[in-house]
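Quick notes on the structure that follows.
Numbering (the numbering used here), first residue to last: 13 to 319.
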């Protein structure tokens with residue numbers, strides 16, 4: 013059974029989660045896995061850990077939106093299948109892709125482990141699609157384009173990533189940043205407000221939201237000049253320096269804002285529960301870790317704090 017070349021299933025309109033037996037295993041698992049990954053869960057009615065694992069598997073597979081399938085095999089009713097795959101205990105879970113087993117685990121697992129198992133299969137399936145892109149490389153290209161002000165390249169790269177992986181948080185957050193950099197704040201706000209739940213929980217999304225909040229607080233030129241004059245007249249005024257940095261950042265003078273805060277840290281790093289340092293870290297978050305200003309600023313901050 014398992015040595016033959018898999019054939020395409022006759023019925024492609026199969027459910028995401030289903031029971032299989034020896035008679036339909038070839039079509040519903042082996043052949044179906046040519047098109048997308050199929051997880052096979054060997055279980056038994058008398059198995060306690062099986063009852064713990066199965067709801068987790070079903071929940072995670074359902075959340076994948078049809079990108080993977082789950083086939084359930086009752087060990088007691090299908091001993092020949094268990095023997096063919098050398099299943100010695102339950103629960104045992106196999107992953108088939110391309111007509112062959114590619115991954116497996118035994119025993120009940122926490123949901124985080126099951127999620128990682130499914131995520132690996134989803135990524136493998138996406139990477140095998142015709143025209144699939146190297147997401148890591150494309151993220152690098154996009155980040156470099158954004159840092160260099162080449163918004164067209166950055167936006168195009170992020171769009172390609174999201175077309176292949178709509179739940180890619182770094183690409184989604186990067187798209188928000190391209191709109192901010194293009195002074196299209198309303199479009200950026202729309203992406204923030206309508207972000208999928210999985211993306212909204214990510215640190216990349218949180219950083220992009222911070223960047224948008226800072227961009228929306230853009231000051232008037234009069235406000236900027238007033239604070240500059242105040243700091244010049246009262247260089248010891250830490251509150252004015254931190255306020256100036258916020259206004260400079262909002263006005264697009266990001267380099268100047270970082271230098272203002274670094275100077276404030278030199279003057280009194282403990283002022284107001286280290287407000288200058290915390291504000292600077294928020295700026296770095298808003299800029300993104302790959303931004304040259306963040307990289308240079310973090311180096312300067314480290315030298316100040318550890319000198």
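Positions of the beta carbon are idealized from the N, C-alpha and C atoms, including for glycine.
Where do the N-terminal and C-terminal ends of the beta strand (DSSP E) with residue i fall, by residue?
i	result
residue 323	Limits of the chain in this structure are 13 at one end and 319 at the other, which puts residue 323 out of reach.
residue 55	50–55
Could you work out which residue in the options is closest to residue i when comparing CA atoms only?
i	options	result
residue 294	66, 262, 166, 279	262
residue 158	310, 55, 303, 319	303
residue 122	83, 152, 62	62
residue 104	112, 85, 184	85
residue 114	144, 167, 45	45
residue 193	212, 246, 269, 164	164
residue 190	221, 289, 89	221
residue 154	144, 167, 146	167
residue 309	260, 39, 270, 152	270
residue 89	57, 149, 146	57
residue 91	35, 68, 80, 116	35
residue 151	112, 216, 226, 306	216
residue 325	317, 250, 170, 175	Since the first and last residues shown for the chain are 13 and 319, residue 325 lies out of range.
residue 176	142, 305, 40	142
residue 146	79, 172, 54, 128	172
residue 299	33, 70, 37, 264	264
residue 279	260, 307, 316	316
residue 55	119, 76, 79, 27	119
residue 65	39, 80, 260, 124	124
residue 290	301, 268, 305, 313	313
residue 148	82, 311, 183, 246	183
Please report the residue range of the alpha helix (DSSP H) in which residue i lies.
i	result
residue 247	Where residue 247 is concerned, there is no enclosing alpha helix (DSSP H), given that its DSSP letter is neither H nor E.
residue 303	It is not in any alpha helix (DSSP H) - residue 303 carries neither H nor E in the DSSP assignment.
residue 31	Residue 31 -> not in any alpha helix (DSSP H); beta strand (DSSP E) instead, spanning 29–31.
residue 271	266–279
residue 69	60–75
residue 130	123–139
residue 97	Per DSSP, residue 97 belongs to no alpha helix (DSSP H) and is neither H nor E.
residue 150	147–159
residue 169	163–176
List the DSSP bridge partners of residue i.
i	result
residue 112	109
residue 118	104
residue 318	Residue 318 pairs with nothing; no bridge assigned.
Taking CB distances under 8 angstroms as the criterion, tell me whether residue i reaches chain C.
i	result
residue 308	Absence of chain C from the displayed structure is noted, only one protein chain being present.
Can you determine whether any heavy atom of the ligand MN sits closer than 7 angstroms to the C-beta of residue i, and answer yes or no?
i	result
residue 110	In terms of ligand content, the structure shown is empty, and the ligand MN therefore cannot be addressed.
Cβ contact (3+ pairs, closer than 8 angstroms) linking the segment 206–213 and the segment 229–240: no
Segment contact, 8 angstroms Cβ cut-off, at least three pairs: the segment 247–254 with the segment 283–290: The count of Cβ pairs closer than 8 angstroms, one atom from the segment 247–254 and one from the segment 283–290, reaches three, so the stretches are in contact.
With a cut-off of 8 angstroms, do at least 3 Cβ pairs link the segment 241–249 to the segment 217–232? Result no; under three Cβ-Cβ pairs closer than 8 angstroms.
Suppose only complete runs of 4+ residues qualify. What are the alpha helix (DSSP H) ranges in the segment 185–234, listed by chain order? Correct list: 197–205, 209–212, 215–228.
Decide yes or no for the touch test of the segment 93–100 against the segment 127–143: beta carbon pairs closer than 8 angstroms, at least 3 of them. Taking 8 angstroms as the limit for Cβ pairs, the verdict is that the segment 127–143 does not touch the segment 93–100.
Touch test, the segment 267–279 against the segment 189–199, Cβ-Cβ under 8 angstroms, three pairs minimum: No: fewer than three Cβ pairs fall under 8 angstroms.
Is the segment 49–60 touching the segment 96–112, taking contact as three or more C-beta pairs under 8 angstroms? yes
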